[in-house]
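For reference, the structure is listed below as structure tokens.
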Amino acid sequence: MNKSRHYFHLHLVSDSTGETLMTVARAATVQYENVQEIEHVYPLVRSQKQLDRVISEIEKAPGIVLYTIVDEELGTRLEQKCRELGVPFVNILDPVFAVFQSYLNVAHAHRVGGQHELDAEYFQRMEALNYTMMHDDGQIWDDLDSADIVLLGISRTSKTPTCIYLANRGIKAANVPLVPGIPLPDHVKKLDKPMIVGLIASVERIQQIRKNRVLSINSDGYTDTYVDRKEISQEINMTRRLCTEHGWPLIDVSRRSVEETAAEILTLFKDYKSEREDRPEN
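So the working numbering is basically just the index in the sequence shown, starting at one, shifted up by 60.
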């Protein structure tokens with residue numbers, strides 16, 4: 061018997077972008093079946109006036125309050141109001157800070173949005189993202205040797221979202237489509253610097269995604285072979301043979317999220333870089 065879905069209000073209050081809160085909140089709520097959050101996100105809350113607006117919204121729709129606010133005065137006031145309203149609240153970074161401070165015996169610096177400072181790492185991510193967008197789906201072939209990672213795969217194997225995720229980690233990732241009847245260019249096969257990884261998925265998964273894709277857009281230009289099980293199976297086997305021939309790692313993304321696929325690639329990349337560093341110079 062299907063149970064009715066239960067809705068609740070979830071208030072996410074941050075003095076920065078709110079990304080940390082949203083990640084934690086969604087990781088938690090997905091663990092509860094038949095429960096759906098109504099998410100209220102309040103980023104860049106750094107003044108009493110801004111906090112007044114947040115409190116007003118919480119009063120209108122009481123629910124769980126998660127927050128990350130460095131300013132102790134603002135944080136204390138938010139907690140007091142939550143107590144008055146009888147709603148649960150958690151500063152999600154407090155337990156983490158407590159462990160760090162206990163172990164390091166050093167008080168943390170009260171820096172608002174410190175993780176988003178425009179440091180060298182930030183610009184590295186922006187450069188990687190720009191590179192990845194320019195080299196999506198084989199748009200540019202000439203300078204693939206400047207990539208860190210090149211992903212190969214047939215249509216609908218999550219190449220683009222995986223590359224974008226990697227770029228947000230500062231990795232220059234390009235992806236090259238494998239198209240039936242069109243051989244992979246020789247200069248791609250001969251790439252020396254980047255790690256090349258093949259992506260595959262089950263026939264069922266690719267077929268379903270492709271069917272949905274055809275239905276969601278104008279289907280002109282798509283042939284029956286695009287969603288044919290036999291043709292898809294041949295495309296997958298082509299990818300397997302290519303990766304086996306060249307010794308490239310192959311990842312099955314059928315039951316993996318983009319994040320899980322990227323994590324596996326990053327593990328492979330770490331080993332790949334170590335092996336390259338250990339190679340004797342000619």
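Where a beta carbon is used, it is the ideal one built from N, C-alpha and C, also for glycine.
Could you check whether residue j and residue i sit closer than 8 angstroms to each other, using their CB atoms as the reference points?
| i | j | result |
| --- | --- | --- |
| Asn-235 | Lys-250 | no |
| Leu-126 | Val-147 | no |
| Ile-256 | Trp-308 | yes |
| Val-318 | Ala-261 | no |
| Pro-254 | Ile-292 | no |
| Ile-214 | Leu-244 | no |
| Arg-289 | Val-263 | yes |
| Val-105 | Ile-129 | yes |
| Pro-103 | Thr-83 | no |
| Arg-229 | Leu-326 | yes |
| Asp-75 | Asp-131 | yes |
| Arg-273 | Arg-315 | no |
| Val-73 | Val-114 | yes |
| Leu-212 | Ala-233 | no |
| Glu-119 | Leu-145 | yes |
Report the three-state DSSP secondary structure of residue i (helix, strand or coil).
| i | result |
| --- | --- |
| Pro-240 | coil |
| His-195 | coil |
| Thr-217 | coil |
| Thr-128 | strand |
| Tyr-92 | coil |
| Asp-205 | helix |
| Ser-262 | coil |
| Val-257 | strand |
| Thr-77 | coil |
| Leu-251 | coil |
| Gly-307 | coil |
| Asn-272 | helix |
| Gly-230 | coil |
| Thr-285 | helix |
| Pro-155 | helix |
| Ile-118 | helix |
| Val-166 | coil |
| Ile-200 | coil |
| Ile-277 | coil |
Starting from residue i, follow the alpha helix (DSSP H) in both directions and report where the run begins and ends.
| i | result |
| --- | --- |
| Tyr-332 | 318-338 |
| Ser-107 | First-last for Ser-107: undefined, no H or E at that position. |
Provide the residue span of the beta strand (DSSP E) that contains residue i, from first to last.
| i | result |
| --- | --- |
| Glu-97 | 95-102 |
| Ser-314 | Where Ser-314 is concerned, there is no enclosing beta strand (DSSP E), given that its DSSP letter is neither H nor E. |
| Val-73 | 66-74 |
Opposite residue i in the DSSP bridges: which residues?
| i | result |
| --- | --- |
| Val-150 | Leu-126 |
| Lys-235 | Note that residue 235 is Asn in the sequence shown here, rather than Lys. In the DSSP output, where bridge partners are listed per residue, Asn-235 has Leu-211. |
If I'm right that residue i touches residue j with Cβ under 8 angstroms, what's the distance once you round it to whole angstroms?
| i | j | result |
| --- | --- | --- |
| Leu-189 | Ala-227 | 4 angstroms |
| His-71 | Ile-124 | 7 angstroms |
| Leu-204 | Val-248 | 6 angstroms |
| Thr-192 | Ala-322 | Rounded, the Cβ-Cβ distance is 12 angstroms, inconsistent with contact. |
| Leu-138 | Leu-111 | 6 angstroms |
| Glu-97 | Phe-68 | 6 angstroms |
| Glu-295 | Pro-240 | 6 angstroms |
| Arg-265 | Tyr-286 | Wrong, their Cβ atoms sit about 15 angstroms apart, outside the cutoff. |
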